[in-house]
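K.L.:
Can you keep this structure in mind? I'll have questions shortly.
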Amino acid sequence: GLGSIVETEVRIVNTNAVTGRLNLPTSVILVNEQSGTVSANVTRIGGTDCTSTVQYRTVAIPGSDYGHYGLNTASQRGALIWNEGDSSQKRITIPIRDNSQLQSPPGEEFFIELYDSSCARI
């Protein structure tokens with residue numbers, strides 16, 4: 002009616018935010034199967050203007066002995082989070098089993114894949 006007040010919320014979005022990029026090592030990670038785990042560091046470079054998340058999973062390499070790693074599972078999955086302003090490395094650790102079997106090349110191999118990121122490119 003006349004004289005009443007109407008309000009609406011206004012949110013200002015920083016379209017100049019520098020969000021950065023998430024990277025895995027580009028080289029092959031070699032690990033002795035007796036170690037029990039394999040780790041890969043994920044880096045966030047080029048910007049940290051917002052909280053960023055990314056999912057990760059292991060993926061079979063065709064022809065490899067993929068079923069013999071891990072905790073009797075076909076895949077390992079997880080998520081990493083960087084708060085706004087955080088550029089520290091985050092570590093993915095995958096359990097591996099020592100099955101005491103000799104493998105011919107390519108042996109026991111798998112990919113670690115990053116996917117479904119928010120507020121940072123992969």
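Oh and the sequence shown: position 116 is 117 in my numbering, straight run, nothing missing. Cβ atoms here follow ideal geometry from the backbone N, Cα and C, with glycine treated the same way. Every value quoted in this text rests on a predicted model; they were computed, and no experiment measured them.
Among G86, N33, T94, D87, which has the Cα closest to the Cα of A80?
P.N.:
T94
K.L.:
What span of residues does the beta strand (DSSP E) with R78 cover, start to end?
P.N.:
78 to 83
K.L.:
In chain order, what residues of the same chain lie with their CB nearer than 6 Å to the CB of N24, ignoring the 5 residues before and after it?
P.N.:
T44
K.L.:
Locate the beta strand (DSSP E) running through A18, then write down its first and last residues.
P.N.:
No beta strand (DSSP E) holds A18; DSSP gives it neither H nor E.
K.L.:
How long is the line joining the alpha carbons of T20 and V55, rounded to whole angstroms?
P.N.:
13 Å
K.L.:
Which two residues bound the contiguous beta strand (DSSP E) that contains L31?
P.N.:
Premise fails: L31 is in no beta strand (DSSP E) and is neither H nor E.
K.L.:
Check whether the Cβ atoms of I82 and T59 sit closer than 8 Å, and answer yes or no.
P.N.:
no
K.L.:
For R98, write down the residues that DSSP places opposite it in a beta bridge.
P.N.:
For R98, which the question treats as bridged, DSSP gives no partner whatsoever.
K.L.:
To which residues does DSSP link Q56 through a beta bridge?
P.N.:
A80, Y116.
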